[in-house]
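So the structure is just underneath, and the comments pick up after that.
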Amino acid sequence: MSASASSLRSDRPRGRWVGRLFYGFLLFSLVLGFATLGALLVQVFLEGYKWVDLVLFLEPPSADPLIAGAEPAILATIFLGVLLILFTVPLGVGTAIYLEEYADRERWYNRLLEVNIQNLAAVPSIVYGILGLAFLVRGIGLGRVLLAGAMILTLLVLPTVIIAAREAIRAVPDSIRQGAYALGATKWQVVWRQVLPAATPGIATGSILATSRGLGETAPLLLVGALTYVSFNPTLLGEFTALPVQIYQWVSRPQEEFRTLAAAAIIVLLGILLTLNATAIWIRNRYERRW
Amino acid sequence: MSPADSASVKGLRVSFQEELEALQANLQEESEFVLRSLRGAINALQQRDVELADEVIAFDDEVDDRYLAIGQGIEQLLARQTPVAVDLRLVLAVLHINLGLERMADLCVTIAKLTKLTAELEHDATLIEAFEEMGSRAEEMIRVAMTSFAERDLVGAESLVDLDELIDRANRRFVKHVLELGNDPELREWGTRMIIVSRCLERIGDHAVDIGEQTAYLVTGEFREFTDASHPDE
Amino acid sequence: MSATMAAVSVDLTARARELPAKEFREVVFHVEDLGVSYNGNAALQDVSLEIYRNFVTAFIGPSGCGKSTFIRCFNHLNGLIPGAVVEGKILYHGEDLYGPHVDPVEVRKRIGMVFQKPNPFPKSIYDNVAFGPRVLGMTDRLDDRVERALEQAALWDEVKDRLKASALSLSGGQQQRLCIARCLAVEPEVILMDEPASALDPIATTRIEDLMHELKRDYTIIVVTHNMQQAARVADMTAFFSITRGEEGQRTGILVEYDATSKIFTQPSDKRTEDYVTGRFG
Chain G
1 MSASASSLRS DRPRGRWVGR LFYGFLLFSL VLGFATLGAL LVQVFLEGYK WVDLVLFLEP
61 PSADPLIAGA EPAILATIFL GVLLILFTVP LGVGTAIYLE EYADRERWYN RLLEVNIQNL
121 AAVPSIVYGI LGLAFLVRGI GLGRVLLAGA MILTLLVLPT VIIAAREAIR AVPDSIRQGA
181 YALGATKWQV VWRQVLPAAT PGIATGSILA TSRGLGETAP LLLVGALTYV SFNPTLLGEF
241 TALPVQIYQW VSRPQEEFRT LAAAAIIVLL GILLTLNATA IWIRNRYERR W
Chain S
1 MSPADSASVK GLRVSFQEEL EALQANLQEE SEFVLRSLRG AINALQQRDV ELADEVIAFD
61 DEVDDRYLAI GQGIEQLLAR QTPVAVDLRL VLAVLHINLG LERMADLCVT IAKLTKLTAE
121 LEHDATLIEA FEEMGSRAEE MIRVAMTSFA ERDLVGAESL VDLDELIDRA NRRFVKHVLE
181 LGNDPELREW GTRMIIVSRC LERIGDHAVD IGEQTAYLVT GEFREFTDAS HPDE
Chain Z
1 MSATMAAVSV DLTARARELP AKEFREVVFH VEDLGVSYNG NAALQDVSLE IYRNFVTAFI
61 GPSGCGKSTF IRCFNHLNGL IPGAVVEGKI LYHGEDLYGP HVDPVEVRKR IGMVFQKPNP
121 FPKSIYDNVA FGPRVLGMTD RLDDRVERAL EQAALWDEVK DRLKASALSL SGGQQQRLCI
181 ARCLAVEPEV ILMDEPASAL DPIATTRIED LMHELKRDYT IIVVTHNMQQ AARVADMTAF
241 FSITRGEEGQ RTGILVEYDA TSKIFTQPSD KRTEDYVTGR FG
């Protein structure tokens, strides 16, 4: 019998138990997180689904819960979403292109820029609110209008878009750029005709996800002047409210029905956000590249 | 695989294929030159034509040029194309055949030199006629050998053994007749020299058999002698 | 002379790959004392040679000998790497590639490149080949240009029915031929190939080598290869690079021998070359 013919059974049972324990812990974390979230969602849904009807969508808020709707809030949220995308995409993608393709990493101002983008993404949203109040509403005298809300949300969401766009641009292999340069393309042509088209799915996904995060923010909107009671539909330079704010307002009312209305509005808000996220995921899956 | 078959798998490494074909074409051409040399040597011998003999000797330079060129072609092919399998066997076969053809040409030169040497001597006319037969046999063997090589014909290559046997017998008969020539010293000198000529023709036959063996090697991958002189009955 | 012995002189060199004599060769590049360093470390130094028109010239040598660095000097791709400094001269038809006011775009129009790993753009086959002409403003008769380039790259028959399909759906060998077609579409004079077949299987490799043989009729080709046998098969001239060590142990590439391929592989002049091609290189 040779030395190599010893048994194939494991001689480290303790190692296996640690492995199992670890696996169990992972499962537990997963379940804890999802179960809690699931419980919350189910509770909200059960409470509010009966009140998700045309009244909710088409009627302005009122003191009477039976005829109260969230039309101005819903319209405003949608409006804000559109403006967010319009503002953040050019700004974010432009910054990302500059940082990835043009900037000389050795220069101090570029290094400063890099570090600060990460910081900005971590700043609490209420700080953006104060910023908006000081500079936009009062500083340049824009007033408490929808545009101001859109602008401040843009600033909030911009760092995330920049980071996502940079990742998408970095994911374009350098061999593509080299191939394009070797054919006689200028830097601009390489970026515009090869890098950007290839990075578009990633940029689109990142922008949509960042926007949906922005639409859920309440604090900055409150500070910039979203009113808690608005009965007219929003315009660009008019006073406004938004779904998160509307929900907050209804929850703080004493009547039981308003809480149910709030639940219904939450469902609508979640619906909007989930639709946005699903779109992002669909785009990512459809255009995913295998290099 | 015959050249006709190989044409259908043309497509990859075309320049390499062309080099191989050029090498074989040059080899065939060299064999044509050898045949010319042989025919010239036989004619000079039979007609006791010293001028023709001189031409044969001069013509050997042409064969030597081909020999060197083919040798260089083989060196280039091996260094640059790293042939394997049938291509390698082909190149090695060409190498051996090239050598054999050059030897054959040298043997023709020897015959021509002996013709010059014995031009003024007494001779036996009937014996000289034997050379026509041996010479034709040798020519036939060269043709069969080169054609079998070109067509990768194993049966044709093996038939060379029997043809060689005929030359061997003719050689033995010739020696026997020379020994019966008598006592005339000139005749005896002539006879001795003619034995060498006969031996040269017999050697040419042996080289042709070698070419057949190379064809067999190319086709079967095995290198073997058709008949072994030291084991004649195997 | 009798009819039997009349010798007919036959052209023995009909197929022998003998190169035209030096005086008949046209010089495309004249390289003089070229050196390249990255951030102060010399990667290559003192390279001088001439590249001839319609020749395939191969650069061989061990890893790190600077052959890839060298080939990228010819189309200014080294300029894309920060910290790369090129010294010396490369004269292209008499004009210094590294002279003042030389536009890399103009250089790359005339001197194209094919890379080691096929890098088709994530676009359709047609758009890949059309990219070069489009960015250079050669948009007249674009369909003809694309077809001609694909034919020269021996790919037309395989893709003519699916020009709009994604380039990434092609096999590795086809992708590399697509990259060659892309390069040919801008009608360069010189084609640089940096280990074009090292990522491909043997049949695809042979196809590329046969293609080089055909293309050299119209183009001048420089190829870097780590496969010596490939250089032996395809190249007319071969340059062997090796590594020397400096006083502090830094490694720099140098040109050891540059000669006809037939000479390099049968009777190299330098022992280092012989050690390398026989595989005895340590």
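So the sequences go chain by chain: G, S and Z.
Residue numbering for the first sequence follows this note's numbering, beginning at 1 and increasing consecutively.
Residue numbering for the second sequence follows this note's numbering, beginning at 1 and increasing consecutively.
Residue numbering for the third sequence follows this note's numbering, beginning at 1 and increasing consecutively.
Backbone N, C-alpha and C define an ideal beta-carbon position, used for all residues, glycine too.
At least 9 angstroms separates the CB of S:THR227 from every CB of chain Z. Counting other Cβ atoms within 10 Å of its Cβ, Z:TYR92 reaches 16 or more and is therefore classed as buried.
Residue-level contact check: Z:THR261 touches chain S, since one or more beta carbons of chain S fall below 9 angstroms from its beta carbon.
Contact between the segment 211-218 of chain Z and the segment 133-140 of chain Z is absent, with fewer than three C-beta pairs closer than 8 angstroms. Contact of Z:GLU87 with chain S is not assigned, every C-beta pair being separated by 9 angstroms or more. Only buried fits S:HIS207, as 16 or more other CB atoms lie within 10 angstroms of its CB. When secondary structure is reduced to three states using DSSP, Z:ASP194 falls in the strand class.
The DSSP-derived three-state label of Z:VAL85 is strand. According to DSSP, Z:THR57 shares a beta bridge with Z:ILE222 and Z:MET237. Contact annotation for S:ALA79 against chain Z: ALA232, SER262, PHE265 and THR266 [CB-CB distance below 8 angstroms, chain order]. With a cutoff of 9 angstroms on beta-carbon distance, Z:LEU170 and Z:ILE243 are scored as not near each other.
At a cut-off of 9 angstroms, the C-beta of Z:ASP210 has a neighbouring C-beta in chain S.
At a cut-off of 9 angstroms between beta-carbon atoms, G:ILE176 makes contact with chain Z. In this structure, Z:ALA154 lies away from Z:ARG108, with their beta-carbon atoms at least 9 angstroms apart. Against chain Z, a Cβ distance below 8 angstroms from S:GLN28 picks out nothing, because the smallest value is about 11 angstroms. Residues are counted here when their Cβ sits less than 9 angstroms from a Cβ of chain Z; for the segment 80-99 of chain S these are ARG80, GLN81 and THR82, given in chain order. Of the residues assessed, S:ASP164 falls on the buried side of the cut-off, its CB having 16 or more other CB atoms within 10 angstroms. Inclusion of Z:PHE265 and Z:LYS67 in the CB contact set at 9 angstroms is not warranted, their separation being larger than that value. Annotation: the continuous beta strand (DSSP E) that includes Z:ASN41 extends over 41-52. Contact with chain Z is absent for G:GLN43, since none of that chain's Cβ atoms lies less than 9 angstroms from the residue's Cβ. DSSP, reduced to helix, strand and coil, places Z:SER37 within a strand of the structure shown. Within the segment 201-212 of chain G, no residue has a Cβ lying closer than 9 angstroms to any Cβ of chain Z. Closest option to Z:SER37, judged by alpha-carbon separation, among Z:SER166, Z:ASP96, Z:ARG251 and Z:SER269: Z:ARG251. A straight-line Cα-Cα distance of about 7 angstroms links S:PHE33 and S:VAL63.
The three-state secondary structure of S:HIS96, taken from DSSP, is helix. Not a single C-beta of chain G is nearer than 9 angstroms to the C-beta of Z:MET193. Between the alpha carbons of Z:PRO122 and Z:GLN116 lies a gap of roughly 17 angstroms.
Sorting G:PHE57, G:ASP174, G:LEU32 and G:ALA63 by C-alpha distance to the C-alpha of G:ALA265 places G:PHE57 at the top.
Put simply, the CB of S:PHE16 is near chain Z, with a gap under 9 angstroms to one of its CB atoms. In its chain, beyond the 5 residues on either side, ILE111 and THR220 have a beta carbon closer than 6 angstroms to the beta carbon of Z:VAL190. Across the structure, S:PHE226 and S:ARG199 are spaced so that their CA atoms are roughly 20 angstroms apart. The beta carbon of S:HIS123 sits closer than 7 angstroms to the beta carbons of TRP190 from its chain, once the five residues preceding and following it are set aside; these are given in chain order. The criterion of a C-beta distance shorter than 9 angstroms is not satisfied by G:VAL245 and G:LEU276.
In this model, Z:ILE60 and Z:TYR276 are separated by some 9 angstroms (Cα to Cα). In chain order, LEU114 and THR118 place their CB closer than 6 angstroms to the CB of S:ARG193, counting only its own chain and leaving out the 5 sequence neighbours on each side. Contacts between S:ARG13 and chain Z, judged by CB atoms closer than 7 angstroms, involve THR206 and ASP210 in chain order.
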